[in-house]
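Only one structure is covered here, and it is reproduced in the block below.
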Amino acid sequence: MLKKIGIGFVVLIIVAAIVNQGEETSSSGSSSSVKTDSNKGNYIGDTVTGSYFNVTVLGVTEQRSSLDEFMCDAAPSGSRYVMVNIAIENIDAESRSMMDEGELHVNHDGKVIEYDQTESCVMGQDGYLNWLDDLGPFIKREGRVVFVVADRFDVSQMSYQVPRGYDKIRLTERPAEPASSGS
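FYI, in numbering that gives the first Met the number 0 the residues of the sequence shown are 0 to 182.
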């Protein structure tokens with residue numbers, strides 16, 4: 000009797016692991032298509048909605064020197080700091096933590112390079128956002144998130160994936176609309 004219960008328990012664990020693996024695959028598969036589709040029209044100044052936040056990229060700057068003379072070193076050789084200035088607003092009915100600071104994605108030769116770690120030396124510094132920040136309902140905060148990026152990538156190849164969401168915002172200005180030819 001105990002042997003049958005043990006075997007049933009092992010089978011249950013295996014089935015649960017298989018089902019969980021299938022859910023991860025399907026969710027990452029669907030998020031990939033959402034990421035690709037949502038990246039087409041978002042540029043600096045556009046607001047996108049994530050799970051709990053409205054996010055707008057206000058601008059982007061680059062710097063090789065130290066971000067803070069007491070806390071940060073200069074960017075490592077062959078790289079630079081890319082600072083994304085964002086406005087983020089909690090649109091939920093309760094306080095929310097950012098949980099992550101978003102990601103910087105680079106479209107390079109048809110492959111997406113992901114920078115998912117922000118620079119930690121600016122954590123707690125004025126003007127910078129970090130994943131520990133909490134936002135109350137309908138509170139908006141502006142600040143920068145910083146990534147260390149290889150020099151070989153140009154900002155025009157980059158997009159910012161919003162915290163707790165799949166939408167991306169290209170780090171370039173919206174292209175001018177083509178002039179309509181009137182007859």
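For each residue, glycine too, the CB sits at the ideal point set by N, CA and C.
This one's a predicted model, so the numbers in the text were calculated from it and none came from an experiment.
CA-to-CA distance, residue j to residue i, given in whole angstroms
i: Gln-62; j: Asp-150; result: 11 Å
i: Ala-86; j: Leu-57; result: 7 Å
i: Arg-140; j: Asp-99; result: 15 Å
i: Val-111; j: Asp-132; result: 28 Å
i: Val-145; j: Thr-171; result: 17 Å
i: Thr-60; j: Ser-179; result: 33 Å
i: Tyr-159; j: Trp-130; result: 15 Å
i: Gly-126; j: Ala-175; result: 31 Å
Close beta carbons around residue i, own chain, < 7 Å, minus the five adjacent residues each side
i: Asn-41; result: Val-47, Asp-166, Lys-167, Ile-168 and Arg-169
i: Val-148; result: Ser-78, Arg-79, Val-81, Leu-103 and Tyr-114
i: Asp-67; result: Cys-120, Val-121 and Gln-124
i: Thr-117; result: Glu-100, Val-144, Val-145 and Phe-146
Same chain only: Cβ atoms within 6 Å of residue i, ignoring 5 sequence neighbours per side
i: Ile-90; result: Asn-53
i: Pro-177; result: none
i: Asn-106; result: Gln-156
i: Thr-55; result: Thr-46 and Ala-86
Other residues of its chain near residue i: CB distance less than 8 Å, five sequence neighbours each side excluded
i: Tyr-51; result: Asn-89, Ile-90, Asp-91, Arg-95 and Arg-163
i: Met-70; result: Cys-120, Val-121 and Gln-124
i: Pro-75; result: Val-147
i: Arg-173; result: Tyr-42, Ile-43, Gly-44 and Asp-45
i: Ala-73; result: Arg-63, Ser-64 and Ser-65
i: Gly-49; result: Val-161, Pro-162, Arg-163, Gly-164, Tyr-165 and Asp-166
Cβ separation of residue i and residue j, assumed to be a contact under 8 Å, to the nearest whole Å
i: Gly-109; j: Leu-128; result: No, Gly-109 and Leu-128 are not in contact; Cβ-Cβ is about 31 Å, not under 8 Å.
Segment contact, 8 Å Cβ cut-off, at least three pairs: the segment 77-84 with the segment 143-161: Verdict: yes, contact present.
Evaluate the contact criterion for the segment 130-139 versus the segment 85-97: three or more CB pairs, one atom per stretch, below 8 Å. Yes: at least three Cβ pairs fall under 8 Å.
What are the complete beta strand (DSSP E) segments, minimum 3 residues, inside the segment 63-91? Runs of the beta strand (DSSP E) inside the segment 63-91: 78-89.
Note down, one range per segment and in chain order, each beta strand (DSSP E) of at least 3 residues found wholly within the segment 92-138. For the beta strand (DSSP E) assignment, the uninterrupted runs of no fewer than 3 residues enclosed by the segment 92-138 are, from N- to C-terminal side, 102-107 and 110-114.
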